[in-house]
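Chains as they are written, first to last, in our numbering: chain L, 1 to 114; chain H, 115 to 227.
In structure tokens form, the structure reads like this:
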């Protein structure tokens, strides 16, 4: 099945700095890549997603970039705030599932210090 | 904004007992999923459901697990004979006709004693 690798596992930044989280995937046919934010004890919440027909998508302080050739995609958070502290998961469609079922990365714990 | 709702929020059960976790997906969604998250670990896919049948299942989803859509709104996950290692947070998700994006419920924390 799809193999999703996510780095780093933990990331500590100062408030106002940028944070970048990277993921690689194995199935070249994958065409949809979401990012989820999970606060402690809460549901994974979709924060941004990208489809393979674009290379970048931005939503205020959050952006995602996709490199299909290299099979990696990244989450960029600018001007980080303490409320950005959470675990972030990338995901990609499982192989042979169409695009409906997701394989998640292991997560990145982001800690933003005031 | 419509949400996926799950009940109960926390279930404590003796090992060997059956449990049923319940989910109400978003009303116009057509794909339904169950995922599991062991404490501190990643979200793991269990099963997807479309058009009243399982469309895909993972190696975790063995004969002890089953899913059902008993009526037009509920989507359930049953574990027939629970084991200690079934202790985890179970998330239900649903997605619209195109298959994405998936929206998650708040989860059911299952504790097996």
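Note that CB positions come from ideal geometry on N, CA and C, so glycine has one too. Values in this document were obtained by computation on a predicted structure and should not be read as measured data.
query: For residue 220 of chain H, which residues in chain L fall below 8 Å Cβ to Cβ?; result: 42, 43
query: In angstroms, rounded to a whole number, what distance separates the CA positions of residue 72 of chain L and residue 24 of chain L?; result: 4 Å
query: On the DSSP letters alone, give me the boundaries of the beta strand (DSSP E) that residue 10 of chain L sits inside.; result: 10 to 14
query: Taking the C-alpha atoms as reference points, what is the distance between residue 191 of chain H and residue 12 of chain L?; result: 37 Å
query: Would you grab the beta carbon distance between residue 45 of chain L and residue 58 of chain L for me? Rounded to a whole angstrom, and I think it's under 8 Å.; result: Going by Cβ atoms, the distance from residue 45 of chain L to residue 58 of chain L rounds to 18 Å, so no, they are not a contact pair.
query: Given a cut-off of 9 Å on the beta-carbon distance, is the pair residue 91 of chain L and residue 102 of chain L in contact?; result: yes
query: What would DSSP say about residue 49 of chain L, mapped onto helix, strand or coil?; result: strand
query: Mind listing which residues of the stretch 99 to 110 of chain L have their C-beta closer than 9 Å to chain B's C-betas, in chain order?; result: Absent here is chain B; the protein component of the structure consists of chains L and H.
query: Which same chain residues end up closer than 8 Å to residue 129 of chain H when comparing Cβ atoms and leaving out the 5 residues on each side of it in sequence?; result: 196, 197, 198, 226, 227
query: Give the straight-line distance between the Cα atoms of residue 109 of chain L and residue 138 of chain H, rounded to the nearest whole angstrom.; result: 30 Å
query: Run the CB neighbour count on residue 69 of chain L, radius 10 Å, all protein chains shown included, and call it buried at 16 or more, exposed below.; result: exposed
query: Is there a Cβ of chain L sitting closer than 9 Å to that of residue 179 of chain H, yes or no?; result: no
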